[in-house]
Amino acid sequence: MAINICSWPYLMQEIAEIQELNTSPPNILCLDDEASVLKSLVRLLRLNKFNVVVSTDGHDALKKMTALQFEVVISDMRMPKMSGAEFLAKAKKLAPDTQRILLTGYSDLESTVSAVNHGGIHAYIQKPWQNDQLISIVKSAVEKFRLKKQNEILQAHVEKQNAQLTELNGSLELRVEKRTKQIKQVLKKLEEANEREKHEHQSTVELLYNFVNANPHLDGNKAQNIANTCTQIALYLNLSQKSIDLAPMAGYLAQIGLLAMDPELYKKPVNKLTESQRKTFYTHPSTAQLMLMPAMHLHDLSDAIYYQFERYNGNGMPKGLAGNDIPIGAMVLGLARDYWDAFEQSIASNEKERHEQALETVKLYSGTFYHPKIVRALEASHTKIYEQKSTAGSILICNAHELKERMVLGRALHSHSGIMLLPKGHEFSRKSIEKLQQLESKKPTPFRIMVKSAK
């Protein structure tokens, strides 16, 4: 039996579907009980070629979602009949692929955390918003939605081709070889799409880190330093790529559980707290674990944060784990965190001496608080940690106007206020360079961007 497995009719159909998906105006649903806010959103979004549907009530918005596919929904947090968190949780069940954006104020932190956990929001925008920032976030959300749909189309095509291939017999081997090449090309596109989806995990961490950085009583710069130190230790230990990727994420979110606590508990050093306050303070990793629980893909990250106060000799908390029973990510995080605590408490006269004193302080507890091999890794990486130097010729520091396409970001880029703008590993395109140049032009001093040379 001869079977026609030519992929072109099918492929042309998929290409047509993707073209239609990418050229049609994106559908945006805006939900807010204030007519003035909706009017502003409609004017701004339509000016940027979006098809906008509005609603003032959560129940009505859900009905609209059953009638029309939306790339993005934008919801206010505080509404009388149904809160934004409740609406977004229901919207997630109704249309899980639709990107969800929350409009919120700083005072809505508790509700916003609930929306992150249960509504699975992809971004949040604080009122009053900046028009450029809002449009940038919406465009990014549309791109993620369409990327996933393209992924599904390509996946269906591959499955269709594979189903046909299973029906072939030996007499069609030459034709199979020819068609397999076509399928591999499709698979390559699928792998590229899947790789971009992996960045959503990083985006989740960036979103949560920005919550930490927005708190006036928490030090976002310290979180960055802890994250960079975790990375250097993980690299020196030659851990798995998964553990290396996890290391800075744990550093960025080590303090996230403190968001649910009284600021008096973390406005001063732990040794200045009362015994009762210290007991409460040390429960913040447990709070962080609860906050991250709905994000199953962050399970290993949650463990690293939860066990960060365990000690090598078994005298830590919360479980009293000892030695190699402590997750490696938690051991790395605990040492990096204590190193920067010691740095802050040092009374040395210059920065280099403060780093040296911090190193000597944690070395005193090698074999008791910390695994000796991790302390050795910190010591071996110490120069890179305090000088932030890299191999000569492979890394350079530049501003936004010196960037070139295909340069790769060697270190996460943050705004002057500490908000993460781009993750480590981002490959610069013309679009991202232009955006950074626009941001830099509005700042008093240029960015210091650590990049690797163009590929």
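804 is the number of the first residue of the sequence shown in the working numbering; add one for each residue after it. Backbone N, C-alpha and C define an ideal beta-carbon position, used for all residues, glycine too. Every value quoted in this text rests on a predicted model; they were computed, and no experiment measured them.
- Taken in chain order, the whole beta strand (DSSP E) runs of length 3 or more contained in the stretch 818-859 are 830-834, 854-858.
- Annotation for residue 1236: the continuous alpha helix (DSSP H) segment containing it runs 1233-1244.
- A distance below 8 Å between beta-carbons, with the five flanking residues on each side excluded, links residue 1047 to the following residues of its chain, in chain order: 1034, 1037, 1038.
- Beta-bridge partners of residue 907 (DSSP): 929.
- The three-state reading of DSSP puts residue 900 in coil, since its state is none of H, G, I, E or B.
- Per DSSP, the continuous alpha helix (DSSP H) segment holding residue 1104 begins and ends at 1102-1109.
- With contacts defined as CB atoms closer than 7 Å, residue 900 and residue 887 fail to qualify as a contacting pair.
- Under the 10 Å beta carbon count, residue 1105 is surrounded by 16 or more other beta carbons and is classified as buried.
- Bridge partners of residue 960 according to DSSP: none are assigned.
- In the DSSP assignment, the residues bridged to residue 878 are 834, 905.
- A Cβ-Cβ separation of about 7 Å places residue 1050 in contact with residue 1132 under the 8 Å criterion.
- Within the same chain, 1157, 1161 come within 6 Å of residue 1146 by CB-CB distance, once the 5 residues on both sides are set aside.
- Taking residue 1008 as the centre and dropping the five residues before and after it, the same chain places the C-beta of 1052, 1055, 1056 closer than 7 Å to its C-beta, in chain order.
- One alpha carbon belongs to residue 1081, the other to residue 1012, and they sit about 24 Å apart.
- Here residue 1129 is not near residue 1142, since their CB atoms are 7 Å or more apart.
- Of the residues assessed, residue 1150 falls on the exposed side of the cut-off, its CB having fewer than 16 other CB atoms within 10 angstroms.
- Judged by pairs of C-beta atoms under 8 Å, the stretch 1092-1100 does not touch the stretch 1065-1083, as fewer than three such pairs exist.
- Residue 1149 carries a coil assignment under DSSP once its states are collapsed to helix, strand and coil.
- Between residue 1247 and residue 1202, the C-beta spacing is not below 7 Å.
- Judged by DSSP secondary structure, residue 1038 falls within the alpha helix (DSSP H) whose first and last residues are 1023-1039.
- The Cβ atoms of residue 876 and residue 892 do not sit closer than 7 Å to each other.
- Scanning its chain for C-beta atoms nearer than 6 Å, with the 5 sequence neighbours on each side dropped, one finds around residue 1117 the residues 1123, 1125, in chain order.
- Straight across, the Cα-Cα distance linking residue 883 with residue 903 is about 20 Å.
- Within its own chain, the residues whose Cβ lies closer than 6 Å to the Cβ of residue 1217, once the five positions on either side in sequence are excluded, are 1223, listed in chain order.
- Per DSSP, reduced to three states, the secondary structure at residue 1255 is strand.
- One Cα belongs to residue 867, the other to residue 926, and the distance between them is close to 22 Å.
- Looking at the DSSP output, residue 1212 shares a beta bridge with 1254.
- For the pair residue 1134 and residue 1140, the Cα-to-Cα distance works out to about 10 Å.
- Boundaries for residue 1096: no alpha helix (DSSP H) harbours it, and the DSSP string shows neither H nor E there.
- Here the alpha carbon of residue 1076 sits roughly 13 Å from the alpha carbon of residue 1065.
- For the 7 Å CB-CB criterion, residue 1068 and residue 1107 do not form a contact.
- The DSSP-derived three-state label of residue 886 is coil.
- Counting C-beta atoms within 10 angstroms of its own C-beta, residue 1170 has fewer than 16 neighbours from the protein chains shown and is therefore classed as exposed.
- Annotation for residue 1162: no beta strand (DSSP E) segment contains it, though the alpha helix (DSSP H) segment containing it runs 1154-1166.
- Assignment of residue 1046 by DSSP, reduced to helix, strand and coil, places it in the helix class.
- Counting only residues of its own chain and dropping the five nearest sequence neighbours on each side, residue 865 has a CB closer than 8 Å to the CB of 890, 893, 894, 897.
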